[in-house]
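Data first, discussion second: the structure below is written as structure tokens.
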Amino acid sequence: MQRTIISATLASVISFGLTGIAAADIKIGATVSETGPASFLGDPEAKTLKLLVEQINAAGGVKGEKIKLFLYDDGGDPNKARTFATRLVEDDGVVAIIGGTTTGTSMAVMPVAEEARLPFISLAGAIEIIDPVRPNTFKTPHTDRMACEKIFDDMKKRGLTRIGMISGTDGFGASMRAQCLDVASKYGITIVAEETYGPKDADMTPQLTNIRSKSDVQAIINPGFGQGPAIVTRNYAQLGIALPLYQSHGVASNGFIELAGAKAAEGIRLPGTALLVGEMLPESDAQRLVVMAYKTSFEKATGTPVSTFGGYAHDAMRILVDALNRATSMKPAAVRDAIEKTSGLVGTTGTVTMSAKDHLGLDLGSFRMLEIRNGSWKLVN
Amino acid sequence: MPELMQFLLSGATVGAVYALVALGFTIVYNASNVVNFAQGEFVMLGGMITVFAFQAGLPLPLAVLIAILAAAVIGVGFNKLTIEVARGAPVVSLIIITVGASIFIQGVAQVVFDKQLHRFPSFSGDDPIRILGATILPQSLWVIVGAIVVFIGLWAFFTRTLVGRAVLATSNNRIAAQLVGINTTFIMAFSFGLSAAIGALAGVLITPITLTSYQVGISLALKGFAAAMLGGMGNPMGALVGGILLGLLESLTAGYISSQYKDAVAFIVILTVLFAFPQGLFGRSSMERV
Amino acid sequence: MRLSKQATLLVLAALIVVAPIFFPSGYYFRVGSLLFVNSLAVVGVVILTGYAGQISLGHAGFAAIGAYACALAPVHLHVHPSIAAIIGAVLSAVVAYLVGRPILRLKGYYLAVASLGFGILVSMVLANEIAITGGPDGIKVPELGLRAVLADWGLELTNAQFWYAFSGLVLLVGSWLALNLYNSPTGRALRGLHESEIAARTVGVDVAQAKLVAFMISAVYASVSGSLLALQNRLITPDIAGYMHSIEIVTMAVLGGVGSVLGAIFGASILTLLPQLLTVFQEYEQVMLGLVMMLAMIFMPRGLLPSIVGLVRGRGE
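Residue numbers (the working numbering), protein chains in the order written: chain A, 10 to 390; chain B, 490 to 779; chain C, 3 to 319.
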């Protein structure tokens, strides 16, 4: 609260100082995968960015200046993403870039942003985006490593130590698979059976049959996004496998329950964000207000339910606008410094506090373990 | 043993999906020697139109009917506006025209519908049927039976009906066909309409299993295309056997060798078969476009 | 119409040198260099499809070999990235020989699907062998280092400017080689088998050998274009081997006019620039791209450049 007053005061002081100068727009760039294999992530991201810019401008903009959004669709192709990043930097003259829906596109944008010393907030999961920390690159989603840790932590509490893993061969699945293999031993978990499936596959019963045939498997984890996890879940029910099934944050949306079917999805657990369980949060929860405000306005504007991915774009825009308000100038370097000093900013994924060593600013606690019960999300513990 | 049975049932399910898509290729190929790379888009349209009609409150059978009819109309229009105009173009141009059509239809679908994944309920519920310790979903039976019915229908059509023979005659020699009084323009339009309708039917049957979105067409078309090539392009028997074989290859590879390389194994087998039988397993040996 | 070799090269060189005068920002250099990289692969298609009349829907696989060679060879073989690109080109030629021998016996759609299968196999290996290739998220590519050398000599270029100049130069060399090939004995043999395989055989052309040579040469072009892209982006992902990339390469060539180097490059320009221009239409980008592909092929089956030139000439006469 106190911070908002300070920043508001600061904002008015600066805008007072600027009166007389023609108010130029603040240019913000974005490249997301509105089409292509990751379009169900990129689509809500694009809609969210447009919606927020509209809202911010309607409320008077930032320091009295309107935001102008340059939004491109890279189709999930890293080569295109790099071209659009170059365009944003060189041609459009933006002050910061949001985007990179996938890890591949984020890694393609990063060198352009780093070379131009322009702040870049990625919307992709992989830990390699912010580890090692690069001066100008930030990101909003939890890392896939944290998702593995959250799941393994829950498994440990339930006494499940020998597990099977079935992962998608797309970027999301492959990256999370590697992280899970890496941290499993830290939680005393052994992966006794491992299978994969292609992102467009229609049936995963052979793989699940193989996992089930390992007699000592106690639970199964499925890193993946898109239709794969929904089909895995349906095949799981078809085969009558009774072991606990863990999905990833990649499918944390109501659409997943619909696609998998409430009956098949019953009892599935996954690490998600507060966004899916906004109504269930206690009034005292700091995130409740933010989450509900975003959820209501997004669903009203688009007619589609919110998804975690739109939430990542929401947080990125909030972090950027917050930084713009605090920045000493509208120069990219000043904005970068302000982003790095983000502290206690409440977003849909958690409360973000960044530092020179941490360009994500989220901890494991902000991940919520959710369980599907009777076709809707329930908070576990 | 239950494992093998499960792999076989999985292979049959996936194979029937490929076979249905592959069957759609046969008619157009038989009528015009064009491999329609946009065939997958009719599969997508079948699923997506049904989804949206069903969501709008129509009963499922009516939604299905609308989807199939709409796809047939689009198929006829596609033929009229592109293939008919570009008659006689070389293979590479025809590939690009149909790929262009595929991109175009996808583009329209993402604007008209949306970019999310969808499905509608299975026709006969989701309670698995147990066979020898393995399970299969009722919808898979729908797909398998659908593939067989379409196959029998096409086989009877090409061998038992006048129109079917006219299609074959048109493909063999267009001018000769015209000379004996076949309306080749009608035959072409009819073939594209029927092809699109079969594609849409495939989309309707498989959506409860595979889910659908505006971009499922390309990968389905590639698999169906590969299946048709394996069996021999233009032969309904080839499409059916090619599809089922491809599905079984994938599931047995996933089950016994490596789930990671199941598609690779499938493609290597196709390439090997093509080297031994350059026209596919059941292909006509004398067809060559000059 | 066919411009002479010298005229073609002159037109090309002039365009490459003069265009930057009109570039308002560095982004145009980036688009320009992409255009040259695409054009190089497309010139390879001219040799395979335009000269020899063979189809390949798997050339993205060779681009991927060239690209991943630049990422992997410097790490594992400790060679300079430029040597890595050459290794990639040689490897592509060898792979093209091994793959081409069996599949070039096939014709039309069967050749198309066999080459398509090859491309898909390559992308599958790249996505699955994570320990070596980095998997679907891709792998970093070392810096070529030439820009720093130029800077030492007092020629300071931005990254985008350097890659514009460098890939423009490589394209010129590639075009020159392709144009020389056209009138060489091999080129004549290729064109002969395009007209009629049987006729070519009767006059003593080893048809299988000639096709294989064309396939290998075009694979090397695709490979070098992949290497250039990798070195420029400093990151490469399996997307480069994707089916759509193969289709894109063929479409560029055929759209512009696969019979001539200049036509093919014209096609590459259109399909490289179009997505950049269409960003204003956002949602309708795919619709328009599909329309352009269909309309061009239906109404200008020989390709845009020959058809446009034909139109102009027709009026002039």
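Beta carbons are placed, not taken as given, at the ideal position from N, Cα and C, and that holds for glycine. Quick caveat, the model's predicted, so the values are computed rather than measured.
TODO: Determine the chain C residues that contact residue 187/A at a beta-carbon separation under 9 Å, and present them in chain order.
DONE: 132, 137
Task: Under 8 Å between C-beta atoms of residue 172/A and residue 198/A - done: yes
Task: Through-space distance from residue 297/C to residue 571/B, alpha-carbon basis - done: 8 Å
Task: residue 302/C classed as buried or exposed, judged by whether at least 16 other C-beta atoms fall within 10 angstroms - done: buried
TODO: Decide if residue 622/B is buried, meaning its Cβ has at least 16 other Cβ atoms within 10 Å, or exposed.
DONE: exposed
Task: C-beta atoms of residue 8/A and residue 205/A nearer than 8 Å - done: Residue 8/A is absent from the model: chain A starts at 10 and stops at 390.
Task: Neighbouring residues, chain B, relative to residue 123/C (Cβ below 7 Å) - done: 753, 756
- [ ] Reducing DSSP to helix, strand and coil, say where residue 151/A ends up.
- [x] coil
Open item on the list: DSSP has residue 171/A in a bridge; who is on the other side?
Closed with: 199/A
Task: Option nearest residue 209/A by Cα separation, candidates 683/B, 696/B, 689/B - done: 696/B
Open item on the list: What ranges does the beta strand (DSSP E) occupy inside the segment 180-227 of chain A, keeping only unbroken runs of at least 3 residues that lie completely in it?
Closed with: 199-206
Open item on the list: Does the CB of residue 205/C have a neighbour CB from chain B at under 8 Å?
Closed with: no
- [ ] Could you name the residues that DSSP lists as bridge partners for residue 607/B?
- [x] 701/B
Task: Nearest to residue 222/C (by Cα), restricted to the options 262/C, 305/C, 268/C, 88/C - done: 88/C
- [ ] Would you kindly report the start and end of the unbroken alpha helix (DSSP H) that includes residue 623/B?
- [x] From DSSP, residue 623/B is part of no alpha helix (DSSP H) but of the beta strand (DSSP E) over 623-625.
Open item on the list: Under 8 Å, Cβ to Cβ, is there at least one residue of chain B near residue 310/A?
Closed with: no
TODO: Excluding the 5 residues preceding and the 5 following residue 41/A in the sequence, name in chain order all residues of the same chain whose CB lies nearer than 6 Å to its CB.
DONE: 51, 54, 55, 108, 110
Open item on the list: Which same chain residues end up closer than 6 Å to residue 230/C when comparing Cβ atoms and leaving out the 5 residues on each side of it in sequence?
Closed with: 39, 169
TODO: Measure the C-alpha to C-alpha separation of residue 182/A and residue 192/A and round it to an integer number of angstroms.
DONE: 15 Å
Task: Every unbroken alpha helix (DSSP H) inside the segment 3-71 of chain C [4 residues or more] - done: 7-20, 28-47
TODO: Taking only beta carbons into account, state which residues of the segment 300-330 of chain A come closer than 7 Å to chain C, listed in chain order.
DONE: none
Task: the segment 713-721 of chain B touching the segment 608-622 of chain B, judged by at least three CB pairs closer than 8 Å - done: no
- [ ] Say whether chain C places a C-beta atom closer than 8 Å to the C-beta of residue 153/A.
- [x] no
TODO: Compare the C-beta of residue 277/C with all C-beta atoms of chain B and state if any pair is closer than 8 Å.
DONE: no
- [ ] Starting from residue 218/C, trace the alpha helix (DSSP H) both ways and give me its first and last residue.
- [x] 209-235
TODO: Note down the Cα distance separating residue 770/B from residue 600/B, rounded to an integer number of angstroms.
DONE: 41 Å
- [ ] Could you tell me whether the Cβ atoms of residue 130/C and residue 149/C are closer together than 8 Å?
- [x] no
- [ ] Residues of the segment 591-606 of chain B with a CB closer than 8 Å to any CB of chain C: list them in chain order, please.
- [x] 591, 592, 593, 594, 595, 596, 597, 599, 600
TODO: Output yes if chain B places a C-beta closer than 8 Å to the C-beta of residue 107/C; else output no.
DONE: yes
Task: Chain-order list of residues whose beta-carbon lies under 6 Å from that of residue 7/C (same chain, five-residue window excluded) - done: 181
Open item on the list: On the CB-based measure, 16 or more other CB atoms within 10 Å of its CB, does residue 234/A come out buried or exposed?
Closed with: buried
TODO: For residue 750/B, return the contacting residues in chain C, with the cut-off set at a CB-CB distance below 9 Å.
DONE: 126, 127, 130
Task: Residues bridged to residue 255/A (per DSSP) - done: 230/A, 278/A
TODO: Check the Cβ-Cβ distances between residue 227/A and every residue of chain B, and say whether any is below 8 Å.
DONE: no
Task: Cross-strand partners of residue 81/A (DSSP beta bridge) - done: 40/A
Open item on the list: Just to confirm the assignment, what range does the beta strand (DSSP E) spanning residue 155/C have?
Closed with: Residue 155/C -> no beta strand (DSSP E), and no H or E assigned at all.
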